[in-house]
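Reading through the structure tokens given below for one structure.
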Amino acid sequence: MSNNVKEFMKKYNIRLTKSLGQNFLIDNNIVRKIVDSAQISEGDMVIEVGAGIGNMTSEIASRAGKVIAIEIDRRLIGALTENIKPFNNVQIINNDILKLDIKRDVLSAENTGSGGFVPENIKVVANLPYYITTPIIMKFLEEAEGINMLVLMVQKEVADRMVAKPGGKDYGVLSVAVQYYSTPERIFDVPPGCFVPPPDVHSTVIRLRINKEPPVKVDDKEMFFKVVKAAFGQRRKTLLNALSNSGYFNLDKEKIKQILNNLGISENLRGEALSITQFALLSNSFTREDC
Ligand code: SAH
């Protein structure tokens, strides 16, 4: 169907809305390659975010045990429903992904249990609406216990940030969060011409395999992310200044200096130089009373 996206849109008189990040994939090969990257089998339940008119949904449905297709735009639901008619394993949720509780609304017993389907793996596959890429990714990383893998089309620059290592301009809160929860891998790049309408940016398909255990030992996850956010909050400042100016901690500058010294971390470094391990050591040295 995906090579007929344009015809289908004509038939259903679909006008795309730029503000909803509606850039539909028209290249069948790309759709197949994305779905291939998720290594889907019949034991899998797949959540698709932003199903659109279902060009990728049908490809997923032909391989997975169960598909939950989430789409915000009510105008697309008719076309989506027709497109997935050949499959009896797709459930459509017409709602805003950011308003859904993944556990309660998406992975609920109703979705998984009623058909007697108990998934071996839960995967997220999506050509994401780019205007809310980070909130969607963070939502799945933070909320969705039981999810094994995410295969996502994102803006190329966002993929760069997700895989970035310490030291460069791409390394930031998103890099640390993604690499704390998962092991990210770039799969391939997709030029604007593969979509209608073509987006203004280049795209990359990225795969995040969710870590069974975080790569570092963190005593208090909230504290860890507070330290990370503080360190990157003022990127041009030294680590010491960024931490003490952040307003997140009740510690005076001297005390923070001492903590950094004890860990052998130079106070003159910038936050972007710290590895995830160093962020973990640092946050483990702060206590709740310090906040
Ligand atoms: N899967 C289709 C469409 C991708 S475009 C394809 O690959 O061709 C992104 C889709 O996300 C659009 O259909 C858009 O309507 C939908 N979308 C945008 N914001 C959303 C939100 N908050 N929740 C769910 N879907 C959303």
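In this note's numbering, the protein residues as written are -3 to 287. Glycine included, each C-beta is placed from N, C-alpha and C at the ideal position.
Asked                                                                                                                              : Found
Arg157 classed as buried or exposed, judged by whether at least 16 other C-beta atoms fall within 10 angstroms                     : buried
C-alpha distance - Asn90 paired with Gln151, whole-angstrom precision                                                              : 24 angstroms
Proximity winner among Ala238, Val27, Gly74, Asp69, relative to Lys7 (alpha-carbon distances)                                      : Gly74
4-residue-minimum alpha helix (DSSP H) runs that sit fully inside the stretch 127 to 186, ordered along the chain                  : 129 to 139, 152 to 159, 169 to 177
Secondary structure of Ala276, DSSP reduced to three states                                                                        : helix
Classification of Lys217 by the beta-carbon crowding that lies within 10 angstroms, buried from 16 upward                          : exposed
Euclidean distance between Cα positions of Val223 and Lys81                                                                        : 49 angstroms
Phe169 vs Phe228 beta-carbon contact at 7 angstroms                                                                                : Residue identity check: residue 169 is Val in the sequence provided, not Phe. Yes. Within cutoff.
Cut-off 6 angstroms between Cβ atoms - residues of its own chain near Glu139, not counting five sequence neighbours on either side : Ile98
Any non-hydrogen atom of ligand 1 within 6 angstroms of Gly74 CB                                                                   : no
Sequence-distant residues of the same chain with beta carbon closer than 6 angstroms to Glu268, five excluded per side             : Tyr167
Environment of Pro180 [buried if 16+ CB atoms lie within 10 Å]                                                                     : buried
DSSP-derived helix/strand/coil call for Pro82                                                                                      : coil
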